[in-house]
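Sequence lines, in order, name chains A and B. Going by this note's numbering, the first residue of the first sequence is number 175, and it counts up by one from there. Going by this note's numbering, the first residue of the second sequence is number 435, and it counts up by one from there. What follows is one structure encoded as structure tokens, with my remarks underneath.
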Amino acid sequence: GEDVEQSLFLSVREGDSSVINCTYTDSSSTYLYWYKQEPGAGLQLLTYIFSNMDMKQDQRLTVLLNKKDKHLSLRIADTQTGDSAIYFCAERAGSARQLTFGSGTQLTVLP
Amino acid sequence: NAGVTQTPKFQVLKTGQSMTLQCAQDMNHEYMSWYRQDPGMGLRLIHYSVGAGITDQGEVPNGYNVSRSTTEDFPLRLLSAAPSQTSVYFCASSRGGAGSSSPLHFGNGTRLTVT
Numbered sequence: 175g176e177d178v179e180q181s182l183f184l185s186v187r188e189g190d191s192s193v194i195n196c197t198y199t200d201s202s203s204t205y206l207y208w209y210k211q212e213p214g215a216g217l218q219l220l221t222y223i224f225s226n227m228d229m230k231q232d233q234r235l236t237v238l239l240n241k242k243d244k245h246l247s248l249r250i251a252d253t254q255t256g257d258s259a260i261y262f263c264a265e266r267a268g269s270a271r272q273l274t275f276g277s278g279t280q281l282t283v284l285p
Numbered sequence: 435n436a437g438v439t440q441t442p443k444f445q446v447l448k449t450g451q452s453m454t455l456q457c458a459q460d461m462n463h464e465y466m467s468w469y470r471q472d473p474g475m476g477l478r479l480i481h482y483s484v485g486a487g488i489t490d491q492g493e494v495p496n497g498y499n500v501s502r503s504t505t506e507d508f509p510l511r512l513l514s515a516a517p518s519q520t521s522v523y524f525c526a527s528s529r530g531g532a533g534s535s536s537p538l539h540f541g542n543g544t545r546l547t548v549t
């Protein structure tokens, strides 16, 4: 079955760039997503990328997809304390409706 | 526009009790799903529905039932609660067919403790 893996923790200094990495196993993935979860809240969609794209940029967010290595990353430029949250990578395989989520990366931004 | 609404926000049950977690969406989404979130394990799919009258099992369905009598509502029933069901439960919905980019819209979760 599908498997999505992320490291559990990342700490950065305010103003630095953050890079959150994700690997997945399903080669039929069509869409890959990044969600953000703040304490006590549900998940909010940050951005997504279609599998035939290599990169997508949206303001401070840059998503890179290496389909050959099944590796997805999310770069946050000029990281702020408000970016502290759990970030989830998720993939949608083929014609499936459901998403498979990684375990989430807790990003801590230090002042 | 409320989006996805879950009730209650918190619940404490004793082992063996039953209860229903409510989920409603006002976006006319075809697809609805329930996930549980446990530390270090991310979100795991419990049950999902692709439309009214249609439900299917996800990765961890045991101990849970669902029904989808209307497009708007997708309740999750715990028939006989167990401590292993202590978790945070999220309902999510999306529109569009398979292969579309439609992202999941999440509720704010129900935090359940079973003692």
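Heads up, the beta-carbon is just placed ideally off N, CA and C, and yes, glycines get one too.
Helix, strand or coil at residue i [DSSP, three-state]
i       : result
A532(B) : With a pLDDT of only 48 at A532(B), under the threshold of 50, the placement of this residue in the model should not be trusted, and no figure is reported.
S518(B) : helix
D257(A) : helix
R502(B) : coil
L219(A) : strand
V283(A) : strand
M461(B) : coil
N542(B) : coil
D177(A) : coil
K448(B) : coil
N226(A) : coil
Span separating the alpha-carbon of residue i from that of residue j
i       : j       : result
I480(B) : Q233(A) : 35 angstroms
N226(A) : Y207(A) : 14 angstroms
T282(A) : G487(B) : 43 angstroms
R511(B) : L447(B) : 13 angstroms
A251(A) : V237(A) : 11 angstroms
P495(B) : E188(A) : 42 angstroms
Q456(B) : Y482(B) : 14 angstroms
V548(B) : S258(A) : 30 angstroms
T464(B) : Y205(A) : At residue 464(B) the sequence reads Glu, which differs from the Thr that was named. Rounded to whole angstroms, E464(B) to Y205(A) spans 19 angstroms at the Cα level.
F524(B) : P285(A) : 32 angstroms
L239(A) : D228(A) : 5 angstroms
N462(B) : L538(B) : 13 angstroms
A458(B) : D190(A) : 40 angstroms
For residue j and residue i, believed in contact at Cβ under 8 angstroms, the rounded distance
i       : j       : result
M466(B) : S527(B) : 5 angstroms
C196(A) : Q180(A) : 5 angstroms
L220(A) : K210(A) : 5 angstroms
Sequence-distant residues of its chain with Cβ nearer than 6 angstroms to residue i (five each side left out)
i       : result
R545(B) : F444 and V522
T451(B) : According to the sequence displayed, residue 451(B) carries Gln and not Thr. Counting only Cβ-Cβ distances below 6 angstroms, and skipping sequence neighbours, we find A515.
S203(A) : S225, E265 and A267
A270(A) : none
Q280(A) : F183 and I260
V193(A) : S247 and R249
Span of the beta strand (DSSP E) around residue i
i       : result
L239(A) : L235 to N240
G485(B) : G476 to G485
H245(A) : H245 to I250
D490(B) : I488 to Q491
R187(A) : F183 to R187
7 angstroms CB neighbourhood of residue i in its chain, flanking five on each side removed
i       : result
A436(B) : D460
S277(A) : Q180 and L182
Q471(B) : L477, S521, V522 and F524
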